[in-house]
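> This is the structure I want to talk about, given as structure tokens.
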């Protein structure tokens, strides 16, 4: 069916929605009894909410698609991740918590090693340690601050990777990568993808910026060259306020999630990945916002590590945080995930994620426990994750009737 | 949600996917206990795979849409049958196992009876028997081989129906039917649908070809006229290799299914509709392909005949073939159908078809039996059949993460 623009229906009734994301929560049945981490965990609070509320499964991006952290969260925020793509440079800027502004163009950098003739001999500069990379980035940042009226901003990332952000008027992101994808040749010059003025200007500035930066590090044994990839403008998307009428805030201790949330207009609250503190942070801001996104990271990490028991433990820790959130009396309280991270797979997966929605208007569905199996027959059914926001708004009394 | 072009995500890890289609498998509850044919059958192998794997229901084309054999299979292959229409002439060519090539234009022919003035007196030539029709087609094939540099190729179909394929440079399929849809008037001349050169040329050639053919059979008592319908080029679609990175093969004893599979680039293996032999054929080709489509016809035939017991019997026969397929160690083994053929309805129907997917990464869903009822609450939920291929690719480890 054609989807409806909710802008015409949203209304403000002062209600509050709390989205509590247990990152990577979903699992697959592993072990002799086929239980997932969530099913093995003791989650009395989520179970109680599930029993009183309605449950289901959300498919983050599409059938079979394993989402990265960006797309996984965008779906939950009501932004179809296929329609709202984040360029690679932009995601890197967001991921390191860079103050990435509208009009900025970001690119991912790899340090590389070049020989005396300028040819690449190692595309990853021997994967130099982050500490070493930081020093190199600092030297570049000192040497290259501005070119043709465009600011050049630099940030270290991890190992041989770094971030370049160009800030100035009239920049574009139609600029090709400078990584030739092979060794034995010099880096490619940044080239505009077309004749658009903004792209031509950006390619020219990028060429000068990168040349000067390589000049500044030419004495380095390993990181004496730079490859730039994924030039991307900061997305300028309609905010959650514009689309859903929500003043939205994010409490996420990890820059990536905070950054993605900021791309849809959420305002950042203090957060540390200490769940009690992050809950307190939400509580302190309770009166100022309509929508809160609280991010819990540890479940994903344990799944990535392939540690079933640790994931169970962290699920129980997240569960224990629920009563403090309930005391805030959100009109809609949702527990779900951005994607599955089955510890049996040691990575993200495409499996649908469990969701529970607690609200006075929730239709009880008899799920007595919060788990993948119970959610499979839950009242919300199996749906794309983009359905969550309209449902949350409805249960919050924030959507007017459609048609008379 | 917007759908994603998987081309950017597919990767080759050497894994193998086996799609075992039990044609027309789905049923509706009939008889005193309301069980379907599948539920009444003893299927220990499928039940075991269902218990370890994940189940669901697939909707072949759309809600309420009863698919023909072409669309039903295209959906399973990941080709939305609405986006990938097969012209009627093309389907006929494929259905009779004609060597239908890119650039060929096919049309379905009906023999008709005409009076001395050339007016149609019977649009189906008294439904002459196939044997009689074969003789008439042979006479035409002898008499009309080429017109204006275009080859005319002829094949008998069933009763009064036959196939014409035009082969030559620059042909089009924008040509109107010559069947006036009523008696008492002569056949219509083939007319181009527009002024495109290829269509004008094809209409002109078709007019000459049909006139000469009718000349050759004017002495026939019944089949002395020809009506041509559904002019259609062979579709030129991206192959499964292009879209999904899969070297694909088909083992289907019936030309129609083999033909549809070839339209998406599958290579034909020897097949006879003797399931043990067809399984052996798959086994012999195991190392050469990534994806195997094994077709089992008898279930559909029994459904069409309205024979519940026969359908149960053939389901059990198909089930007995599973262990030999399991011994090939496919990474993903799928059992499903192209459409339902409830014996209570004696024909295809729109009812969703049961599907079971067996893979190491399958989330167990507690289905203890392979059947419509168990599948209804299975982990895959109820989905369009086009979702099956992305899921199969994911479980085979052939899809990279989307976004970071």
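Protein chains in written order, with the working numbering: chain A, 1 to 404; chain B, 405 to 808. Note that beta-carbon positions come from the ideal geometry of N, C-alpha and C, so glycine has one too.
1. Along the chain, which unbroken stretches of the alpha helix (DSSP H) at least 4 residues long are found entirely within the stretch 434 to 469 of chain B?
2. What residue range does the beta strand (DSSP E) around residue 120(A) cover?
3. Within the 8 angstroms Cβ cut-off, does residue 805(B) reach chain A?
4. Below 6 angstroms CB to CB, which residues in the same chain sit around residue 669(B) once its five sequence neighbours on both sides are set aside?
5. Looking only at its chain, what residues have a beta carbon closer than 6 angstroms to the beta carbon of residue 746(B), apart from the 5 residues adjacent to it on each side?
6. Please look up how many angstroms separate the CB atoms of residue 465(B) and residue 474(B), rounded, as I've assumed it's under 8 angstroms.
7. Distance, Cα to Cα, residue 113(A) vs residue 210(A)?
8. Which same chain residues end up closer than 6 angstroms to residue 699(B) when comparing Cβ atoms and leaving out the 5 residues on each side of it in sequence?
9. What do you reckon, are the CB atoms on residue 9(A) and residue 399(A) nearer than 8 angstroms?
10. Would residue 363(A) count as contacting chain B if we go by Cβ distances under 8 angstroms?
11. At what residue ranges does the stretch 357 to 384 of chain A contain a whole run of the beta strand (DSSP E), taking only runs of 3 or more?
12. By the criterion of Cβ-Cβ separation under 9 angstroms, what are the contact partners of residue 67(A) in chain E?
13. Along the stretch 350 to 377 of chain A, where does the CB come closer than 9 angstroms to a CB of chain B? Name the residues.
14. Going by other Cβ atoms of all chains shown within 10 Å of its Cβ, with 16 needed for buried, is residue 550(B) buried or exposed?
15. Straight-line CA distance for residue 774(B) to residue 759(B)?
16. Please classify residue 539(B) as buried or exposed, where buried requires at least 16 other C-beta atoms within 10 Å of its C-beta.
17. Opposite residue 699(B) in the DSSP bridges: which residues?
18. May I ask you to verify whether the stretch 717 to 735 of chain B touches the stretch 699 to 709 of chain B, counting CB pairs closer than 8 angstroms and requiring at least 3?
19. Check for me: the beta strand (DSSP E) holding residue 334(A) runs from which residue to which?
20. Could you check where the alpha helix (DSSP H) with residue 72(A) kicks off and where it finishes?
21. Can you find the residues in the same chain that come closer than 7 angstroms, C-beta to C-beta, to residue 125(A), ignoring five residues on each side of it along the sequence?
22. Count the other C-beta atoms from every protein chain shown that fall within 10 angstroms of the C-beta of residue 335(A), then say buried if there are 16 or more, exposed otherwise.
23. What would DSSP say about residue 518(B), mapped onto helix, strand or coil?
24. Indicate whether at least one CB of chain B lies closer than 8 angstroms to the CB of residue 408(A).
25. So with Cβ pairs under 8 angstroms, would you call residue 80(A) a contact of chain B?
26. Suppose the cutoff is 6 angstroms on Cβ atoms and the five residues either side in sequence are ignored; what does the same chain contact list for residue 59(A) look like?
27. Give the residues of chain A in contact with residue 794(B), contact being defined as C-beta atoms less than 9 angstroms apart.
28. Report the option in 34(A), 93(A), 17(A) and 56(A) whose CA atom is closest to the CA atom of residue 368(A).
29. Reducing DSSP to helix, strand and coil, say where residue 532(B) ends up.
30. Compile a chain-ordered list of the residues in the stretch 179 to 211 of chain A whose CB is closer than 9 angstroms to at least one CB of chain B.
31. Within 10 Å of its beta-carbon, does residue 437(B) have 16 or more other beta-carbons around it, so buried, or fewer, so exposed?
32. Between the stretch 578 to 590 of chain B and the stretch 630 to 640 of chain B, are three or more C-beta pairs nearer than 8 angstroms?
33. So, with DSSP's three-state summary, where would you put residue 690(B)?
34. Between which residues of its own chain and residue 47(A) is the CB-CB distance below 6 angstroms, once the five residues before and five after are set aside?
35. Does DSSP put residue 727(B) in a helix, a strand or coil?
36. Just the chain B side, please: which residues come within less than 7 angstroms of residue 382(A) by C-beta, in chain order?
On the basis of the data shown:
1. 441 to 444 and 448 to 456
2. Along the first chain, read from residue 1 onward, the residue named residue 120(A) stands at position 120. Residue 120(A) -> beta strand (DSSP E) spans 120 to 122.
3. Position 401 of the second chain holds residue 805(B). Judged by the 8 angstroms Cβ criterion, residue 805(B) is in contact with chain A.
4. Locating residue 669(B) in the second chain gives position 265, counting from the first residue. Within the same chain, residue 669(B) has close Cβ partners 643, 644 and 645.
5. Position 342 of the second chain, counted from the start, is the residue given in the question as residue 746(B). The residues are 431, 432 and 753.
6. Within the second chain, numbered from 1, the residue matching residue 465(B) stands at position 61. Within the second chain, numbered from 1, the residue matching residue 474(B) stands at position 70. That pair is no contact at about 10 angstroms.
7. The sequence position of residue 113(A) within the first chain is 113, counting from 1. The sequence position of residue 210(A) within the first chain is 210, counting from 1. So the two alpha carbons sit approximately 15 angstroms from each other.
8. Here the question's residue 699(B) lines up with position 295 in the second chain. Once the five neighbours on either side are set aside, the close Cβ partners of residue 699(B) are 425, 656 and 661.
9. Against the first chain, residue 9(A) aligns to sequence position 9. Against the first chain, residue 399(A) aligns to sequence position 399. In this structure, the beta-carbon distance from residue 9(A) to residue 399(A) falls below 8 angstroms.
10. Residue mapping note: residue 363(A) aligns to position 363 of the first chain, counting from 1. No, because no Cβ of chain B sits closer than 8 angstroms to the Cβ of residue 363(A).
11. 381 to 384
12. Chain labels in this structure do not include chain E; the protein chains are A and B.
13. Residues of the stretch 350 to 377 of chain A with a Cβ closer than 9 angstroms to any Cβ of chain B, in chain order: 350, 351, 352, 372, 373, 376 and 377.
14. Counted from its first residue, the second chain places residue 550(B) at position 146. Exposed.
15. Here residue 774(B) corresponds to residue number 370 of the second chain, with the count starting at 1. Here residue 759(B) corresponds to residue number 355 of the second chain, with the count starting at 1. Approximately 8 angstroms between the Cα atoms of the pair.
16. As a position in the second chain, residue 539(B) is number 135, starting the count at 1. By the 10 Å Cβ count, residue 539(B) comes out exposed.
17. By 1-based counting over the second chain, the position of residue 699(B) is 295. Residue 699(B) is bridged to 425(B).
18. yes
19. On the first chain, residue 334(A) is found 334 positions in, with the first residue counted as 1. Counting along the chain, the beta strand (DSSP E) containing residue 334(A) begins and ends at 332 to 336.
20. Translated into the one-based positions of the first chain, residue 72(A) becomes position 72. In the DSSP annotation of this structure, the continuous segment of the alpha helix (DSSP H) that includes residue 72(A) starts and ends at 69 to 76.
21. Counting from 1 along the first chain, the entry for residue 125(A) is found at position 125. Same-chain partners within the cutoff: 111, 112, 113, 160, 222 and 223.
22. Here residue 335(A) refers to the residue found at position 335 when the first chain is read from its first residue. It is buried - the Cβ of residue 335(A) has at least 16 other Cβ atoms within 10 Å.
23. The residue given as residue 518(B) occupies position 114 in the second chain. Strand at residue 518(B).
24. Shown here, chain A extends from 1 to 404; a query on residue 408(A) therefore has no answer.
25. For this step, residue 80(A) is matched to residue 80 along the first chain. Yes, its Cβ sits closer than 8 angstroms to a Cβ of chain B.
26. Position 59 of the first chain, counted from the start, is the residue given in the question as residue 59(A). 352 and 384.
27. In the second chain, residue 794(B) corresponds to position 390, counting from 1. Within chain A, the residues near residue 794(B) are 62, 63, 64, 65 and 350.
28. Taking the first chain and counting its residues from 1, one reaches residue 368(A) at position 368. Among 34(A), 93(A), 17(A) and 56(A), the Cα nearest to that of residue 368(A) belongs to 56(A).
29. Along the second chain, read from residue 1 onward, the residue named residue 532(B) stands at position 128. In the structure shown, residue 532(B) sits in coil (DSSP, three-state: anything other than H, G, I, E or B).
30. none
31. Counting from one through the second chain, the residue named residue 437(B) turns up at place 33. Burial check for residue 437(B): the Cβ neighbour count within 10 Å stays below 16, so the residue is exposed.
32. yes
33. Translated into positions along the second chain, residue 690(B) becomes position 286. The answer is helix: DSSP assigns residue 690(B) an H, G or I state.
34. Taking the first chain and counting its residues from 1, the one referred to as residue 47(A) is at position 47. Closer than 6 angstroms at Cβ, skipping near neighbours: 369 and 370.
35. The residue given as residue 727(B) occupies position 323 in the second chain. Looking at residue 727(B) - three-state DSSP - the assignment turns out to be helix.
36. Within the first chain, the letter at position 382 stands for residue 382(A). 785, listed in chain order.
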